[in-house]
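**Student:** This structure is in structure tokens; I'll ask about it shortly.
Numbering (our numbering), first residue to last: 2 to 190.
Take a look at the structure:
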């Protein structure tokens with residue numbers, strides 16, 4: 002049997018030819034293939050048992066899945082043409098369509114974030130106390146206020162907008178579990 006080395010001038014290491022052939026064959030009688038398959042099953046079982054027995058990881062996975070599904074729902078809502086089906090067979094055009102849809106989705110999310118920040122500032126000016134826990138539950142994947150088929154004025158295109166102020170005077174440190182001001186993260190950016 003050969004030894005795998007990275008000698009100068011070689012671009013990559015290659016396992017010995019017989020081992021590659023055996024692994025590619027995928028024969029159920031092959032001991033190496035069987036060992037790898039069983040090791041994979043053990044690892045998968047251990048991960049599933051950890052997931053089922055521990056509530057915090059389940060909550061994190063569920064929350065992440067919910068966010069992804071909300072993003073996908075908004076993206077599907079935005080890409081409504083042709084029922085969301087890309088009819089072009091050209092891979093370049095398919096990629097353009099997908100990227101354009103992602104760009105529009107992210108623009109709507111950014112628009113929602115700006116609107117929410119402005120509303121929070123107005124509420125604070127009126128004397129309301131903003132709880133960071135409440136803000137943590139607000140979704141940026143809102144579409145009810147977007148008029149897909151509305152009238153869009155182009156005379157506003159030349160208007161110079163004021164610079165975006167990302168600062169919110171809300172202390173998010175309790176949500177992170179740290180003390181206010183530690184490492185400069187006491188206030189939201």
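All residues carry an ideal CB built from backbone N, CA and C; glycine is no exception.
If you're wondering where the values come from, they're calculated on a predicted model, not measured in any experiment.
Looking at residue 127 and the ligand COA, is the gap between the Cβ and the nearest heavy atom below 7 Å?
**Tutor:** Absence of the ligand COA from the depicted structure is noted, as is the absence of any ligand whatsoever, leaving it without description.
**Student:** Drop a sphere of 10 angstroms on the beta-carbon of residue 99, count the other beta-carbons inside from all chains shown, and report buried for 16 or more, exposed for fewer.
**Tutor:** So residue 99 ends up on the exposed side.
**Student:** Using the rule of at least 16 other Cβ atoms within 10 Å of the residue's Cβ for burial, across every protein chain shown, is residue 79 buried or exposed?
**Tutor:** With 16 or more other Cβ atoms within 10 Å, it is buried.
**Student:** By how many angstroms is the C-alpha of residue 92 removed from the C-alpha of residue 50?
**Tutor:** About 41 Å.
**Student:** Could you tell me whether the stretch 138-151 touches the stretch 66-84, where touching means 3 or more Cβ pairs closer than 8 Å?
**Tutor:** The stretch 138-151 is in contact with the stretch 66-84.
**Student:** Measure the C-alpha to C-alpha separation of residue 37 and residue 46 and round it to an integer number of angstroms.
**Tutor:** Near 14 Å, if we compare the C-alpha coordinates of residue 46 and residue 37.
**Student:** Just verifying my parser: in three-state terms, what is the DSSP assignment at residue 158?
**Tutor:** Three-state result, residue 158: helix.
**Student:** Kindly indicate which three-state DSSP category residue 141 falls into: helix, strand or coil?
**Tutor:** DSSP places residue 141 in coil when its eight states are reduced to three.
**Student:** Taking all protein chains shown into account, decide if residue 76 is buried (16 or more other Cβ within 10 angstroms of its Cβ) or exposed.
**Tutor:** Residue 76 should be labelled buried.
**Student:** Write down the C-beta distance between residue 113 and residue 136 rounded to the nearest angstrom, noting that I regard them as a contact closer than 8 Å.
**Tutor:** 13 Å between Cβ atoms; not a contact.
**Student:** Quick check on the burial criterion: 16 or more other C-beta atoms within 10 angstroms. Buried or exposed for residue 62?
**Tutor:** Result: exposed.
**Student:** Out of curiosity, what's the CA-to-CA distance linking residue 159 and residue 166?
**Tutor:** Distance between the alpha carbons of residue 159 and residue 166 is about 21 Å.
**Student:** State the start and end residues of the unbroken alpha helix (DSSP H) segment that holds residue 146.
**Tutor:** Careful: residue 146 lies outside any alpha helix (DSSP H) and carries neither H nor E.
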